[in-house]
Amino acid sequence: MNSPSQLGGSVALGLLFMFSLPPSTHAEPPEYPQARRSDHTDMLHGESVADPYRWMEEIDAPETRRWIEAQSALTRRTLDALLER
Numbered sequence: 006m007n008s009p010s011q012l013g014g015s016v017a018l019g020l021l022f023m024f025s026l027p028p029s030t031h032a033e034p035p036e037y038p039q040a041r042r043s044d045h046t047d048m049l050h051g052e053s054v055a056d057p058y059r060w061m062e063e064i065d066a067p068e069t070r071r072w073i074e075a076q077s078a079l080t081r082r083t084l085d086a087l088l089e090r
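Note that the sequence shown covers residues 6 to 90 in my numbering.
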């Protein structure tokens with residue numbers, strides 16, 4: 006069983022380690038691919054519900070494919086920049 010002093014020392018050591026880590030190298034947030042918003046609405050149970058990204062459901066449409074490729078490229082760049090990987 007750990008004594009309170011051992012637990013306190015472990016917490017202090019953990020905090021020291023956490024605050025000694027360098028700040029993130031990504032000061033600027035990434036520029037996400039722009040996704041067009043449409044005026045599409047659906048009528049559900051008598052209520053009009055906006056669905057501005059309905060066009061993305063057409064997975065093979067050229068516009069959707071371009072957005073997916075741009076999003077995948079952003080993800081790849083972000084993951085490749087991680088030092089831990």
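Glycine included, each C-beta is placed from N, C-alpha and C at the ideal position. Predicted model, so just to flag it, every value in this text is computed and none were measured.
Assignment of Asp47 by DSSP, reduced to helix, strand and coil, places it in the strand class.
A straight-line Cα-Cα distance of about 20 Å links Thr83 and Arg70. Closest option to Asp56, judged by alpha-carbon separation, among Ala66, Pro67 and Ala40: Ala40. The three-state reading of DSSP puts Ala55 in strand, counting E and B together.
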